[in-house]
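Take a look at the structure set out below.
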Amino acid sequence: PNWKALAAIGGTIVWLMAITRAGEIAGALIEAGLPAATPAAAIRWGTTPRQRTVTGSLGDIARRIEEEGLRPPGVLVVGRVAGLRDRLGWFERLPLFGRRIVVTRARHQAGEFARALERLGAHVLLHPTIEIRPPSDDAPLEAALARLSSYDWLVLTSANGVERFFGALLERDHDIRELAGVQVAAIGPATAAAVRRRGLRVDAVPGEFRAEALLEAIGAVDGKRILLARALVAREVLPDELRKRGAEVDVVPVYETIVPEGASTLSALEDADLVTFTSSSTVSNFLRAGGAEARALLERVAIAAIGPITAETIRQEGFEVAVMPREYTIAALTGAIADYFANRKRAK
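Going by my numbering, the sequence shown opens with residue 714, and the numbers climb by one from there.
Right, dumping it as structure tokens:
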């Protein structure tokens, strides 16, 4: 390079892949006439949650890089802009900057949650512990769809249930108009929103996003016929209570969850700060697939649960829940995680 021309440029210079050459570059620029006191910065993994920055002057940046153990890949910045880090370093001030957070949702659902965490600076580790597929026995679903108009209530307990139910309805040449006169109940805002996207009004949404609260929302059910579309494996609280109140309940699995391939490999999660669980299935499958290694991981990291049922599953397995939002949604869980780490930072 023409070092004298670079030294006289009068602006900020950026070298790519320059971490290991910082001493050579700095020495050449100083020899060419650039003052040793010129601000300099070395940045590794810039604009990612793994970003590390070392600042100094042209005269000492190589030593600072060595002292901080900064390794490639990275860039070297020389000039006045390098001295503005305190004013321009917005990324490193994000509430979850540098935090490694595990997301255990099904892969097709993890994107929204992961992006929300990344916008707050987190390094997200995707580790799906459930995979959703049609039920192995679809005879109960076929029978329920054949008499759909005979029900008084259709109860949907998750967004997955909504998508699978209406998908099956259309795949089997049924018509959404068969739900005319059938009231629809949904547990949680995400479930209700999924129903509305199908063009249907939701008649009952509980104040709390749990099955038990739905019993209060739908009122008297004596003599009513209720179709409960849900996962193959689920708690029996809701159907049992509905039957106690005199309802005729058909529990119809519209999907089942399995452990996906790769769920037993936990090596990438060793440095995690927090593991998130958004259903009891994600907890059970994480522990089933990971065995003793999974238990050891959960003993040393913080754990976040989306709601009380998931939290209770975690506690029954012998672990503490560090984070649970007041509202049992992904958005609220994201905010609660940010608050948790902010409080920890203030406590130090």
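Ideal Cβ positions, reconstructed from N, Cα and C, are used throughout, including at glycine. Here the structure is a predicted model, which is why all the values come from computation and not from measurement.
Subject >> Residue from Pro841, Glu744, Arg757 with nearest C-alpha to Thr989 >> reply: Pro841
Original post:
To which residues of the same chain is Ile845 closer than 7 Å at the C-beta, ignoring the five residues directly before and after it?
Top reply: Ala819, Asn873, Tyr968, Thr970
**OP:** Report the residue ranges of all alpha helix (DSSP H) runs contained in full by the region 796 to 861; include only those spanning at least 4 residues, in chain order.
**Re:** 798 to 801, 820 to 832, 852 to 859
Original post:
Name the DSSP bridge partner or partners of Ala930?
Top reply: In DSSP, Ala930 forms no bridge with anything.
Original post:
Which runs of the alpha helix (DSSP H) fall wholly inside the region 950 to 1010 and span at least 4 residues, in chain order?
Top reply: 950 to 957
**OP:** State buried or exposed for Leu797, treating a residue as buried only when at least 16 other CB atoms are found within 10 Å of its CB.
**Re:** exposed
Original post:
What is the C-beta distance between Asp935 and Gly912, in whole angstroms, given that I count them as a contact (C-beta under 8 Å)?
Top reply: About 30 Å; that fails the 8 Å criterion.
Original post:
Expressed to the nearest angstrom, what Euclidean distance is found between the alpha-carbon atoms of Val837 and Arg765?
Top reply: 17 Å
Original post:
With distances taken from CA atoms, which of Gly740, Thr1047, Asp799, Glu779 is nearest Ala823?
Top reply: Thr1047
Subject >> Cβ-based burial, Ser862 [other Cβ within 10 Å; buried from 16] >> reply: exposed
Original post:
Do you know whose CA, among Gly723, Arg909, Pro762, Ala944, lies nearest Asp851's CA?
Top reply: Ala944
**OP:** Return the first residue and the last residue of the beta strand (DSSP E) that Trp866 is part of.
**Re:** 866 to 869
Original post:
Per DSSP, what kind of secondary structure is Arg1039 in: helix, strand or coil?
Top reply: coil
Subject >> Neighbourhood of Val1034 by C-beta, 7 Å cutoff - its chain only, sequence neighbours within 5 removed >> reply: Ile1016, Ala1018, Ala1024, Ile1027, Arg1028
Original post:
Pro973: which of Ala829, Leu789, Asn998 sits nearest, CA to CA?
Top reply: Asn998
Subject >> Pick from Gly772, Arg757, Ile756 that is closest to Pro748, judged by C-alpha positions >> reply: Gly772
Subject >> Length of the line joining the Cα atoms of Ala985 and Val788 >> reply: 26 Å
Original post:
If you drop the 5 nearest sequence neighbours on each side, which residues of the same chain put their C-beta closer than 7 Å to that of Arg956?
Top reply: Val962
Original post:
Which residues bound the alpha helix (DSSP H) around Gln896?
Top reply: Counting along the chain, Gln896 falls outside any alpha helix (DSSP H), though it belongs to the beta strand (DSSP E) covering 896 to 899.
**OP:** Note down the Cα distance separating Ala1049 from Val1036, rounded to an integer number of angstroms.
**Re:** 7 Å
**OP:** Sort His821, Phe878, Phe826 by Cα distance to Pro848 and report the nearest one.
**Re:** Phe878
Original post:
Taking DSSP as the reference, what is the three-state secondary structure of Gly736?
Top reply: helix
Original post:
How is the alpha helix (DSSP H) around Trp716 delimited, first residue to last?
Top reply: 716 to 720
Subject >> Minimum C-alpha distance to Glu983 - residue among Gly1003, Val964, Ala755 >> reply: Gly1003
**OP:** Label Thr733 either buried or exposed according to how many other C-beta atoms from any shown protein chain fall within 10 Å of its C-beta, with 16 as the threshold for buried.
**Re:** exposed
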